[in-house]
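These notes are about the structure you will find just below.
There are 2 protein chains.
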Amino acid sequence: MTSDDFVPAPLRRLWGMSESSRLGRPPSLDVNVVVAAAVKIADRDGLDGVTLPKVATSLGFTSMSLYRHVGSKDELLTLMADAALGPPPNIDAPEWRGGLRRWAFAHRAVLQRRPWLTRVPVAGPPSGPHQIAWMEAALAIMSDTLLDWAHKIGAMSLISGYVVQSVRQHSELADGRAEGQGQADAERDYGRALARLVNPDRFPETARLFASTLFEAPPSDTPDEAIADADFSLGLELILDGVAVRVARSDP
Amino acid sequence: MTSDDFVPAPLRRLWGMSESSRLGRPPSLDVNVVVAAAVKIADRDGLDGVTLPKVATSLGFTSMSLYRHVGSKDELLTLMADAALGPPPNIDAPEWRGGLRRWAFAHRAVLQRRPWLTRVPVAGPPSGPHQIAWMEAALAIMSDTLLDWAHKIGAMSLISGYVVQSVRQHSELADGRAEGQGQADAERDYGRALARLVNPDRFPETARLFASTLFEAPPSDTPDEAIADADFSLGLELILDGVAVRVARSDP
DNA sequence: AGAGAAAGTATCAGTCGTACACAAATGCTG
DNA sequence: CAGCATTTGTGTACGACTGATACTTTCTCT
Chain Y
1014 MTSDDFVPAP LRRLWGMSES SRLGRPPSLD VNVVVAAAVK IADRDGLDGV TLPKVATSLG
1074 FTSMSLYRHV GSKDELLTLM ADAALGPPPN IDAPEWRGGL RRWAFAHRAV LQRRPWLTRV
1134 PVAGPPSGPH QIAWMEAALA IMSDTLLDWA HKIGAMSLIS GYVVQSVRQH SELADGRAEG
1194 QGQADAERDY GRALARLVNP DRFPETARLF ASTLFEAPPS DTPDEAIADA DFSLGLELIL
1254 DGVAVRVARS DP
Chain W
1014 MTSDDFVPAP LRRLWGMSES SRLGRPPSLD VNVVVAAAVK IADRDGLDGV TLPKVATSLG
1074 FTSMSLYRHV GSKDELLTLM ADAALGPPPN IDAPEWRGGL RRWAFAHRAV LQRRPWLTRV
1134 PVAGPPSGPH QIAWMEAALA IMSDTLLDWA HKIGAMSLIS GYVVQSVRQH SELADGRAEG
1194 QGQADAERDY GRALARLVNP DRFPETARLF ASTLFEAPPS DTPDEAIADA DFSLGLELIL
1254 DGVAVRVARS DP
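Residue numbers (our numbering), protein chains in the order written: chain Y, 1014 to 1265; chain W, 1014 to 1265.
Next up, the structure:
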């Protein structure tokens, strides 16, 4: 039966199953070329810079020609996301905790290089080959544990969601920041501006927070990157502590 | 000096500091009315349904009139986000863990009622009065612990990020789902479609996952909501376990 | 009363996504 | 080798959106 191996068109394009109908006019354009061009534009101009006219003219075609290869702009975004994610690194760690940590940092590195990836609307569950490969890598890291599938998936998507959230937040704040201002400076300005609005009677804890040294005194020679790494690690290790509790619980 | 209590216009609008210049033609429109209308449209048509023409005509004005009260569409979104978030519930829990759990569920309930909130691009650090109030509530819950500020903020934003991510994911999947299909059915279909693409040689763990009972056999009389709640709790308790480790560590 | 200031309006340009009908380029069939 | 079905890329068009600029309207204060 053909209905058994029916795969919807978007999935076929994601997995590179070319039609090669060998009939009619041969295509001078294919999905991968279109996606590569779109990714290049996103790298340069951000996700909002990706428009069908721009992608098409960057290839010397008209915008409508793209519709022969991608079903819609949303589908193009999905294809871009999987292509830009790329394959996961090889991680063969002796124990799960170090492995997941490396997985998370690798994931973060990819997103930091292409912050627009964190803004692609997810149109469905992970279904591209690269997304699946990253998932495989995480599952392999946890294969030694006795966690059940629900916990493995839960831990993985928790970490992955944290990575996305964290990178997006930093990149959006960086976008909204005046040029030439470092992260430390921006945080201090933010604290000062809000400190006037936060009434200590209504918001006692928050007022104490703003009065604390958290925003005022970062050792001035610390690079922004180190601060960001520390913030990121704080949350990540918190999650890993939580996973450790479950791992220990399932292996008495 | 006036420069000391200078507050930028977007912040002034967020905090409801009206100008009341008492000169010239009196306004028949104000920020709150505009924001309320925009929120109503978002509730009905989603975030993409919010356009300046639609908001304006729903009030009987022209689109350009909105620019007298809102700096840009992005600013309108920020204002909508804070208005729609609303004030946090009163949570006076005897211990932090139950308190944070209730905080997370309350936050989730708000976002579930207005899924478009999870898609508003965050333009900066939390700065609206309601956002600050939610932050205050979380800090108050943790005030009994000996966590330092960095850990409190880290735990709070981790939980909040998890809530957002989780609700957004579910609502986006629900949007992409064919009508009349429940969550359990959709997950089963997803598993079947991908199972054919996932080569067990390249993706052994993932193949085992798809072959597992995770997607195939949810007890058929379980309502979708219960499944979603269980998924949500799984991740949340994982995070809380992680926080508990830190709380214990800081109080020997 | 009238000057000055602010609110709301009319008009407009520049984009974007995409539906639809068409032209061009090829392999297959006779 | 002719012509036909088939597939690819194009031209044109429409509706919708953001936001600029310059205008009219409607107030208060002098």
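Built from N, CA and C at the ideal position, the CB exists for glycine as well.
As the structure is a computational prediction, the values presented were derived from the model and not from experiment.
Close Cβ partners of residue i (< 8 Å) along its chain, the five nearest in sequence each way excluded
i: Leu-1027 of chain Y; result: Thr-1091, Leu-1092, Asp-1095, Ser-1140, Gly-1141 and Pro-1142
i: Ala-1180 of chain W; result: Note that residue 1180 of chain W corresponds to Val in the displayed sequence, not to Ala. Arg-1121, Leu-1124, Gln-1125, Pro-1128 and Thr-1131, listed in sequence order.
i: Val-1260 of chain Y; result: Trp-1109, Thr-1158, Leu-1159 and Leu-1160
i: Glu-1192 of chain W; result: The predicted position of Glu-1192 of chain W is uncertain, since its pLDDT is 49 and thus under 50; no value can be drawn from it.
i: Gly-1248 of chain Y; result: Tyr-1175 and Ser-1179
i: Ser-1246 of chain Y; result: none
i: Asp-1264 of chain W; result: Thr-1158 and Leu-1159
i: Gly-1099 of chain Y; result: Val-1123 and His-1143
i: Ala-1119 of chain Y; result: Pro-1101, Pro-1102 and Ile-1104
i: Ser-1033 of chain Y; result: none
Cβ shell of residue i (< 6 Å), same chain only, five flanking positions each side left out
i: Val-1048 of chain W; result: Leu-1092, Met-1093 and Ala-1096
i: Arg-1132 of chain W; result: Leu-1060
i: Ala-1168 of chain Y; result: Val-1256
i: Gly-1062 of chain W; result: Ile-1054
Buried or exposed (CB count within 10 angstroms, at least 16 for buried), residue i
i: Glu-1108 of chain W; result: exposed
i: Asp-1017 of chain W; result: Per-residue confidence for Asp-1017 of chain W stands at a pLDDT of 43, beneath the threshold of 50, marking its modelled position as unreliable; the derived number appears in the next sentence. Result: exposed.
i: Ala-1239 of chain W; result: exposed
i: Pro-1039 of chain Y; result: exposed
i: Ser-1184 of chain W; result: buried
i: Met-1148 of chain Y; result: buried
i: Pro-1101 of chain Y; result: buried
i: Leu-1036 of chain W; result: exposed
i: Ser-1173 of chain W; result: buried
i: Arg-1262 of chain W; result: exposed
Beta-carbon contacts of residue i that lie in its chain and below 7 Å, excluding the five residues immediately before and after
i: Lys-1165 of chain Y; result: Leu-1152 and Met-1155
i: Glu-1088 of chain W; result: Pro-1023
i: Leu-1171 of chain Y; result: Ile-1252
i: Asp-1244 of chain Y; result: none
i: Ile-1104 of chain W; result: Gly-1112, Arg-1115, Trp-1116, Ala-1150 and Ile-1154
i: Gly-1084 of chain W; result: Ala-1022 and Pro-1023
i: Ser-1078 of chain Y; result: Leu-1042 and Ala-1069
i: Leu-1065 of chain W; result: Ser-1076, Leu-1079 and Lys-1086
i: Lys-1067 of chain Y; result: Ile-1054
CA nearest to the CA of residue i, picked from the options
i: Thr-1219 of chain Y; options: W:Ala-1150, W:Arg-1057, W:Pro-1217 and W:Ala-1136; result: W:Ala-1150
i: Ala-1187 of chain Y; options: W:Val-1046, W:Gly-1137 and W:Ala-1239; result: W:Gly-1137
i: Ala-1241 of chain Y; options: Y:Ser-1225, Y:Met-1077 and Y:Val-1176; result: Y:Val-1176
i: Asp-1214 of chain W; options: Y:Thr-1235, Y:Leu-1251, Y:Ala-1168 and Y:Ala-1146; result: Y:Ala-1146
i: Leu-1222 of chain W; options: Y:Lys-1067, Y:Gly-1037 and Y:Trp-1162; result: Y:Trp-1162
i: Ala-1051 of chain W; options: W:Arg-1038, W:Val-1020, W:Leu-1036 and W:Lys-1086; result: W:Lys-1086
i: Met-1030 of chain Y; options: Y:Val-1044, Y:Pro-1040, Y:Pro-1039 and Y:Leu-1036; result: Y:Val-1044
i: Val-1020 of chain W; options: Y:Ser-1246, Y:Ala-1206 and Y:Phe-1228; result: Y:Ala-1206
i: Thr-1226 of chain W; options: W:Leu-1072, W:Val-1063, W:Ala-1208 and W:Gly-1084; result: W:Ala-1208
i: Pro-1134 of chain Y; options: W:Gln-1182, W:Asp-1105 and W:Ala-1117; result: W:Gln-1182
i: Val-1046 of chain Y; options: Y:Ala-1224, Y:Arg-1115 and Y:Thr-1070; result: Y:Thr-1070
i: Arg-1081 of chain W; options: W:Ala-1117, W:Pro-1236, W:Leu-1042 and W:Asp-1056; result: W:Leu-1042
i: Arg-1025 of chain W; options: Y:Leu-1210, Y:Arg-1057 and Y:Arg-1025; result: Y:Leu-1210
Next on the checklist: Taking 8 Å as the cut-off, does the segment 1241-1261 of chain Y touch the segment 1247-1256 of chain W (at least 3 CB pairs, one atom from each stretch)?
Outcome noted: yes
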